[in-house]
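**Q** In this note's numbering, the protein residues as written are 718 to 944.
Every residue, glycine too, gets a C-beta built ideally from N, C-alpha and C.
Owing to the predicted nature of the structure, the values given are computational and were not obtained by experimental measurement.
Sharing a structure here in structure tokens format.
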Ligand SMILES: *Cc1c(COP(=O)(O)O)cnc(C)c1O
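The structure is reproduced here in structure tokens:
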């Protein structure tokens, strides 16, 4: 099993490198987040043994348990799933990053609950970039106001945005949605916000995301296998 995780990781790193080369980007400019949701702590340990340090978890309770089990390893944990009010304390106390903030109220709670002995929580705002109806994420028109408000919170550090678009029918449509996200990311920079993270792209669409400027791909299946 350890061999397969390390082989898979190697393949994903190669995909990232090739995708960067195809559009003349530096492969070091794209961070790989290994999404370990539903996978046992052993799988995370296997990935760590193969040099992977950053891990993403969707389900907070599950993530916190794994974080405790692996506290002896120098891992960086990212919360990438929905955060309800009653879970903000657990997130603030256990994670280094949150990609999935879509309301000011949640951001305020995370800031207030971030322990003073930890560095600020690194955060991205989740944007509903393709306008899907039942999806989480702030609407594009409301992004800038939310970003300005979050940037003012003392124990958070606003890093950028995150998107989870619906699978699109073809490569061109996938790229078009990622391009919208790229434009929104640029609009934050143009508004004077000091952001550096465009979190987009998963197993199926990481090449398209990288072509459109992603700086962080979140990959589960291609590393750990089917959930
Ligand atoms: C599950 C998940 C991923 C990883 O998806 P794969 O298709 O398995 O690579 C990335 N981001 C989020 C928010 C997820 O929930």
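What residue range does the beta strand (DSSP E) around residue 910 cover?
**A** Taken as a continuous stretch (DSSP letters only), residue 910 belongs to no beta strand (DSSP E), as it is neither H nor E.
**Q** Can you tell me whether residue 760 sits near ligand 1, meaning its C-beta is under 7 angstroms from at least one heavy atom of the ligand?
**A** no
**Q** CB of residue 876 to nearest heavy atom of ligand 1: below 7 angstroms?
**A** no
**Q** Contact check, residue 819 vs residue 843 under 8 angstroms by CB: the rounded distance?
**A** 5 angstroms
**Q** On the three-state DSSP scale, how would you describe residue 932?
**A** coil
**Q** List the whole-angstrom C-beta distance separating residue 750 from residue 795, where the pair is believed to meet the contact cut-off of C-beta under 8 angstroms.
**A** 6 angstroms between Cβ atoms; contact.
**Q** Roughly how many angstroms lie between the CA atoms of residue 798 and residue 777, to the nearest whole one?
**A** Each residue's Cα considered, the two are about 8 angstroms apart.
**Q** Return yes when at least one heavy atom of ligand 1 lies under 7 angstroms from the C-beta of residue 797, else no.
**A** Within the cutoff, so yes.
**Q** Taking 8 angstroms as the cut-off, decide whether the C-beta atoms of residue 915 and residue 940 are in contact.
**A** 8 angstroms or more divides the Cβ of residue 915 from the Cβ of residue 940.
**Q** From 890, 886, 855, 872, pick the residue whose C-alpha is nearest to that of residue 880; which is it?
**A** 855
**Q** For residue 831, which residues in the same chain have their Cβ closer than 6 angstroms to its Cβ, ignoring the five residues on either side in sequence?
**A** 809, 838, 872
**Q** Any idea if residue 721 is buried or exposed, counting beta-carbon neighbours within 10 angstroms, 16 or more meaning buried?
**A** exposed
**Q** Alpha carbon to alpha carbon, how far is residue 846 from residue 765?
**A** 32 angstroms
**Q** Indicate the three-state DSSP secondary structure (helix, strand or coil) for residue 718 in the structure shown.
**A** Residue confidence is low: residue 718 scores 48 on pLDDT, short of 50, so the model does not pin down where it sits. Its coordinate-derived value is still stated next. Looking at residue 718 - three-state DSSP - the assignment turns out to be coil, as it is neither helix nor strand.
**Q** Helix or strand or just coil, what does DSSP make of residue 876?
**A** strand
**Q** Relative to the C-alpha of residue 934, which candidate in 925, 909, 918 has its C-alpha closest?
**A** 918
**Q** Between residue 821 and residue 861, is the Cβ-Cβ spacing less than 8 angstroms?
**A** no
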